[in-house]
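The sequence shown begins at 76 in the numbering used here and counts up one residue at a time.
Written out below as structure tokens is the structure these notes cover.
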Amino acid sequence: MKQTTLARELKFSGVGLHSGFRVTLGLVPAPPNTGIVFRRLDLNDFEIEALRRNVAKVNFATTLMKQGVMISTVEHIMSAVYGLGIDNLYICVDSLEIPILDGSAQPFVEAIREVGLENQNCRREYIHVLKPFHWSEKGKSICLEPYQGLRVTCVIDFPHPLIGVQKLDLLLDPGTYRQQICFARTFGFYRQVEALLKNNLIRGGSYDNAIVLSDDGIVNGKLRRPDEFVRHKALDLIGDIALLGKPLLGHVKAYRAGHAAHATFVGKFLQQTDAYQIAGLAPQLAT
Ligand SMILES: [Zn+2]
76 MKQTTLAREL KFSGVGLHSG FRVTLGLVPA PPNTGIVFRR LDLNDFEIEA
126 LRRNVAKVNF ATTLMKQGVM ISTVEHIMSA VYGLGIDNLY ICVDSLEIPI
176 LDGSAQPFVE AIREVGLENQ NCRREYIHVL KPFHWSEKGK SICLEPYQGL
226 RVTCVIDFPH PLIGVQKLDL LLDPGTYRQQ ICFARTFGFY RQVEALLKNN
276 LIRGGSYDNA IVLSDDGIVN GKLRRPDEFV RHKALDLIGD IALLGKPLLG
326 HVKAYRAGHA AHATFVGKFL QQTDAYQIAG LAPQLAT
């Protein structure tokens with residue numbers, strides 16, 4: 076398999092969910108072996124690689140930081156990029172947070188699909204899981220097992236009449252990502268709004284960019300699927316796993332996890348160097 080990038084540039088604009096700042100985002104094709112790199116256009120094009128080592132904060136969103144320069148709420152664009160199999164890309168922003176758009180990854184995915192990807196003359200390398208790796212803490216757990224593809228199993232359990240226990244189990248490829256995951260929006264609880272605002276969070280939040288839940292229903296509109304909640308958790312999980320830096324061949328099973336759990340898991344897994352190998356596809360899989 077060859078590495079890929081975007082066929083041509085794309086532009087988006089919107090507000091940051093937590094900062095409330097207006098931001099313009101550009102997706103720019105990048106040469107082979109670049110990986111995914113954020114660029115702060117407002118800070119002399121300062122670059123932050125989309126890698127686990129640059130993760131700085133994980134409360135309510137995943138924030139990267141390098142030499143004191145931040146880029147926040149990266150998980151939905153990272154999920155779109157990873158879900159669609161893009162290896163090399165510059166993600167250019169003129170502020171410190173990725174725009175939230177409709178709270179899902181769908182606007183990114185549909186725009187990327189329209190311009191298409193370009194194969195590059197360089198072999199793609201994968202992270203092959205060699206043996207099971209398990210992490211758990213305070214009722215949350217994530218494990219990763221060897222698998223000849225990327226399979227994601229996600230279970231959530233929220234004490235809310237519309238959520239409860241939801242489970243999703245998918246073998247991921249760009250088509251499945253687009254049809255089963257990318258449209259799922261982020262969600263939050265109305266009774267937490269005041270506390271979040273006090274903590275300088277969700278300053279750009281609105282009824283147009285999140286599912287807002289009351290104690291027994293939804294405050295704004297309808298769900299896109301009855302299990303949109305677990306689909307969004309899978310979307311977030313894929314965006315955080317993308318910080319491995321290479322496509323993963325393995326089966327990820329996440330139970331009641333969130334950004335903090337994802338980041339901890341990815342960090343510990345990368346340290347467990349006998350649990351994986353970085354290599355191209357075996358010849359029988361490459362066809
Ligand atoms: Zn999310």
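Beta carbons: idealized from backbone N, C-alpha and C, even for Gly.
Review point. How would you write the range of the alpha helix (DSSP H) that D311 sits in, first residue to last?
Key: According to the DSSP assignment, D311 belongs to the alpha helix (DSSP H) that extends over E303 to I316.
Check your understanding: The alpha helix (DSSP H) spanning K273 covers which residue range?
Key -> V268 to K273 is the span of the alpha helix (DSSP H), which, as asked, contains K273.
Review point. How many whole angstroms separate the CB atoms of L176 and N284, which I take to be in contact at a CB cut-off of 8 Å?
Key: A Cβ-Cβ separation of about 7 Å places L176 in contact with N284 under the 8 Å criterion.
Review point. Between which two residues does the beta strand (DSSP E) harbouring P182 extend?
Key: Counting along the chain, P182 sits inside no beta strand (DSSP E); it lies in the alpha helix (DSSP H) bounded by residues Q181 to V190.
Review point. For the putative contact between K77 and N194, defined by C-beta atoms under 8 Å, what is the C-beta separation to the nearest angstrom?
Key: K77 to N194, Cβ: 4 Å. Contact.
Check your understanding: Which term fits D311, buried or exposed, when burial requires 16 or more other beta carbons within 10 angstroms of its beta carbon?
Key -> Looking at its Cβ environment, which holds 16 or more other Cβ atoms inside 10 Å, D311 is buried.
Review point. Mind checking whether the beta-carbon of D311 lies closer than 7 Å to any heavy atom of ligand 3?
Key: You won't find ligand 3 in this model; what it holds is ligand 1.
**Study point:** Proximity test, H307 beta-carbon vs ligand 1 heavy atom, cut-off 7 Å
**Key:** In this structure, the C-beta of H307 approaches ligand 1 to less than 7 Å from one of its heavy atoms.
Point to revise | Residue burial classification, G143 (beta-carbon count within 10 angstroms, cutoff 16) | key: Counting the other CB atoms within 10 Å of its CB gives G143 a total below 16, which places it among the exposed residues.
Check your understanding: By Cβ distance below 6 Å, which residues in the same chain neighbour V230 in space, the five residues on each side in sequence not counted?
Key -> Hits under 6 Å: K242 and Y330.
Review point. Between T99 and ligand 1, is the CB less than 7 Å from at least one heavy atom?
Key: Every heavy atom of ligand 1 is 7 Å or more from the Cβ of T99, so no.
Practice item. Tell me whether V149 sits in a helix, a strand or coil according to DSSP, three-state version. Key: Of the three classes helix, strand and coil, the one that applies to V149 here is coil, per DSSP.
Review point. So which of V268, N274 and I277 has the shortest CA-CA distance to S289?
Key: Comparing Cα-Cα distances from S289 to each of V268, N274 and I277, the minimum goes to V268.
Check your understanding: Three-state secondary structure (DSSP) at A131?
Key -> Three-state DSSP puts A131 in a strand.
Practice item. State the Cα-Cα distance for the pair V287 and A354, rounded to the nearest angstrom. Key: Going by the C-alpha atoms only, they are around 43 Å apart.
**Study point:** Distance, V305 Cα to A336 Cα
**Key:** Approximately 16 Å, taken between the alpha carbons.
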